[in-house]
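Visitor: Numbering (our numbering), first residue to last: 3 to 227.
Supplied in structure tokens, the structure appears directly below.
Next comes the structure, spelled out in structure tokens:
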């Protein structure tokens, strides 16, 4: 029995593991609290992901420019090399979005941002931790629509299948939390790799442009439980 929430990043890592290391991971999540590898990097990337989230919400890249200025000061003042590297990496991401049109990722209408309850998504008996940055509603043809954005970062680089897993999990989370009152727009339920500026939306999974690998990955994990 799995006793700790599993992150989508851990599933992405699991897909890359050898058979021996997969077995070790399966034992770990059954017997001890799983060490969090950070879904999308955790607090390490908070400076860049939060600034981009704020810029998306208000469609104003000044949040990014302000964070760049702040992190430049922090970088210059830092004595510890690890801190300098962290600031530098976050700055590199922010520079990618300083003049980026984030509205290209959003519906062309007014958005209302909703709370993101910390609920555990149980899928195929695996408890999944789902932590998107943004959940928003909007009206389309008189219907209450729903979208969500999950910004992720990994130095080892996600592939398209990994991003698809995030998006699948995000869609099911939205259905669980808000599906009773909203219809989810698959185009605006998406995951963005902030380093690569690669986006996978749920409609890409629906039309087969991106393979759905979340369920097969959970099957492989369950086979070891």
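Note that CB positions come from ideal geometry on N, CA and C, so glycine has one too.
Got a sec? Which residues, its chain only, sit under 7 Å from residue 123 by beta carbon, not counting five neighbours each side?
Guide: The sequence position of residue 123 within the chain shown is 121, counting from 1. Correct list, in chain order: 130, 132, 171, 174, 175 and 178.
Visitor: Please report how far the alpha carbon of residue 70 lies from the alpha carbon of residue 57, in whole angstroms.
Guide: Counting from 1 along the chain shown, the entry for residue 70 is found at position 68. Counting from 1 along the chain shown, the entry for residue 57 is found at position 55. Each residue's Cα considered, the two are about 13 Å apart.
Visitor: Taking the Cβ atom as the reference point for each residue, do residue 149 and residue 187 lie within a distance shorter than 8 Å?
Guide: Taking the first residue of the chain shown as position 1, residue 149 is located at position 147. Taking the first residue of the chain shown as position 1, residue 187 is located at position 185. Yes, the pair counts as a contact, with Cβ atoms nearer than the cut-off.
Visitor: Rounded to whole angstroms, what is the Cα-Cα separation between residue 42 and residue 156?
Guide: On the chain shown, position 40 is the one that residue 42 refers to. On the chain shown, position 154 is the one that residue 156 refers to. Note that residue 42 has pLDDT 44, beneath the 50 cutoff, so the model's placement of it is unreliable and the number below is only indicative. One C-alpha to the other measures close to 6 Å.
Visitor: Could you say if the stretch 191-201 and the stretch 95-111 meet the contact criterion of at least three C-beta pairs nearer than 8 Å?
Guide: Touching, yes, given that three or more Cβ pairs across the two stretches are closer than 8 Å.
Visitor: Keeping to the same chain, check which residues put their C-beta closer than 6 Å to that of residue 212; ignore five residues upstream and five downstream.
Guide: On the chain shown, residue 212 is found 210 positions in, with the first residue counted as 1. Closer than 6 Å at the Cβ level, and outside the excluded window around residue 212, lie 162, 166, 202 and 206.
Visitor: Does DSSP put residue 61 in a helix, in a strand, or in coil?
Guide: One-based indexing of the chain shown puts residue 61 at position 59. The answer is coil: DSSP assigns residue 61 none of H, G, I, E or B.
Visitor: Between residue 5 and residue 32, how many whole angstroms is the CB-CB distance? I'm expecting something under 8 Å.
Guide: Within the chain shown, numbered from 1, the residue matching residue 5 stands at position 3. Within the chain shown, numbered from 1, the residue matching residue 32 stands at position 30. Right, the Cβ-Cβ distance comes to about 6 Å (below 8 Å), so this counts as a contact.
Visitor: In the DSSP output, which residue or residues are listed as bridge partners for residue 137?
Guide: The count along the chain shown starts at 1 and reaches residue 137 at position 135. Bridge partners of residue 137: 150.
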